[in-house]
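According to my numbering, the sequence shown is numbered sequentially starting from 159.
To start, the structure under review is shown below, and the notes come after it.
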Amino acid sequence: MRAFLIAIILGLEIFVPSRAQNRFPEPPNDLTRIYYLNNNQLVTLPFEEGVTPLNVFVPATADKVTQVRVKGPGAETVLTNDGLRFYVFVADRMEPPPHQLVRLTPTKSNRQLKISVVKGRDGYAPFDSDTIGLEHRLLERLRVSAGPNRILFVNYMELRPKIVLTPGEYAIIGDSLADMATFRIK
């Protein structure tokens, strides 16, 4: 309080934090989906299946580069860059969150993404040239019932691309390539 009075006497500007928090959409009920904001409402991004000859859940037998194919020439959801934000749920203390934003390369009848696997390891990695950096913001830590006398904590997060996306096909991917949340920037 004394520093505040001295600042007023000396005519110094003081930053007083607002008590109002940043507003964000209330968490939806389905924690398995990826959402975007449309007219102040959360809307789910449709999942499309990525098909690859590799099983990314078992350790790779050799270092390999392959394609993940998504059927169809384009995503049904069309978004703009205006305030582009996505909302997801992530297991508590999962650092970094598993979601990645990738650009899909269109072909005549499909969209594809190049990935690599490393011998002896499970999982996959898209190439840096296809990956767009995301800013992550924790919005809320939720308590979720996981059965009788069992509670899990889940983080409700906002994801935002670090750059303006150019027109094209995109997907938000996680651990599984079977559920790729796809969209198009017009």
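Here a beta-carbon is modelled for each residue, glycine too, at the ideal position from N, C-alpha and C.
Problem set entry | Heavy atom of the ligand HEM within 7 Å of Gly-230 beta-carbon | Ligands in the displayed structure: none, and consequently the ligand HEM is not present.
Exercise. Among the residues of its own chain, which have a CB less than 8 Å from the CB of Arg-299, if the five just before and after it don't count?
Worked result: Here the question's residue 299 lines up with position 141 in the sequence shown. Once the five neighbours on either side are set aside, the close Cβ partners of Arg-299 are Asp-250, Phe-311, Val-312, Asn-313 and Tyr-314.
Exercise. Assuming Asp-333 and Pro-255 make a contact with CB atoms under 8 Å, what is their CB distance in whole Å?
Worked result: Position 175 of the sequence shown holds residue 333. Position 97 of the sequence shown holds residue 255. Contact flag wrong, Cβ pair sits at about 11 Å.
Exercise. Between the Cα of Val-216 and the Cα atoms of Gly-278, Gln-270 and Leu-203, which residue gives the shortest distance?
Worked result: Counting from 1 along the sequence shown, the entry for residue 216 is found at position 58. Among Gly-278, Gln-270 and Leu-203, the Cα nearest to that of Val-216 belongs to Gly-278.
Exercise. Going along the chain, which residues of its own chain have a beta-carbon closer than 8 Å to the beta-carbon of Gly-326, five neighbours each way excluded?
Worked result: For the purposes of this step, residue 326 is taken as residue 168 along the sequence shown, with counting starting at 1. Once the five neighbours on either side are set aside, the close Cβ partners of Gly-326 are Arg-261, Leu-262, Pro-264, Arg-342 and Ile-343.
For this session: Check whether the region 184-202 touches the region 233-246, taking contact to mean three or more Cβ pairs, one atom from each stretch, closer than 8 Å.
Result: yes
Problem set entry | Residue of Phe-244, Thr-224, Thr-289 and Gly-230 minimising C-alpha distance to Pro-186 | Residue 186 sits at position 28 when you count from the first residue of the sequence shown. The candidate whose alpha carbon is nearest that of Pro-186 is Phe-244.
Exercise. Which of helix, strand or coil does DSSP assign to Ser-267?
Worked result: The residue labelled residue 267 in the question sits at position 109 within the sequence shown. Note: Ser-267 maps to coil in three-state DSSP.
For this session: Could you pull out every residue in the same chain whose Cβ sits closer than 7 Å to the Cβ of Gly-281, ignoring the five residues on either side in sequence?
Result: Counted from its first residue, the sequence shown places residue 281 at position 123. So the qualifying residues of the chain are Val-214.
Problem set entry | Candidates Lys-229, Thr-190 and Gln-258, of which the one nearest Phe-285 by Cα | Counting from one through the sequence shown, the residue named residue 285 turns up at place 127. Comparing Cα positions, the closest option is Gln-258.
Problem set entry | CB of Glu-206 within 8 Å of CB of Val-228, strictly | Within the sequence shown, numbered from 1, the residue matching residue 206 stands at position 48. Within the sequence shown, numbered from 1, the residue matching residue 228 stands at position 70. A contact, by the Cβ cut-off of 8 Å.
Exercise. Going by other Cβ atoms of all chains shown within 10 Å of its Cβ, with 16 needed for buried, is Val-347 buried or exposed?
Worked result: Since the displayed the chain opens at 159 and closes at 344, residue 347 lies outside it and no answer follows.
Problem set entry | Reduced DSSP category for Met-338 - H, G, I as helix; E, B as strand; rest coil | Working through the sequence shown from its first residue, we reach residue 338 at position 180. Met-338: strand per DSSP, three-state reduction.
For this session: Would you grab the beta carbon distance between Ser-267 and Pro-231 for me? Rounded to a whole angstrom, and I think it's under 8 Å.
Result: As a position in the sequence shown, residue 267 is number 109, starting the count at 1. As a position in the sequence shown, residue 231 is number 73, starting the count at 1. 6 Å between Cβ atoms; contact.
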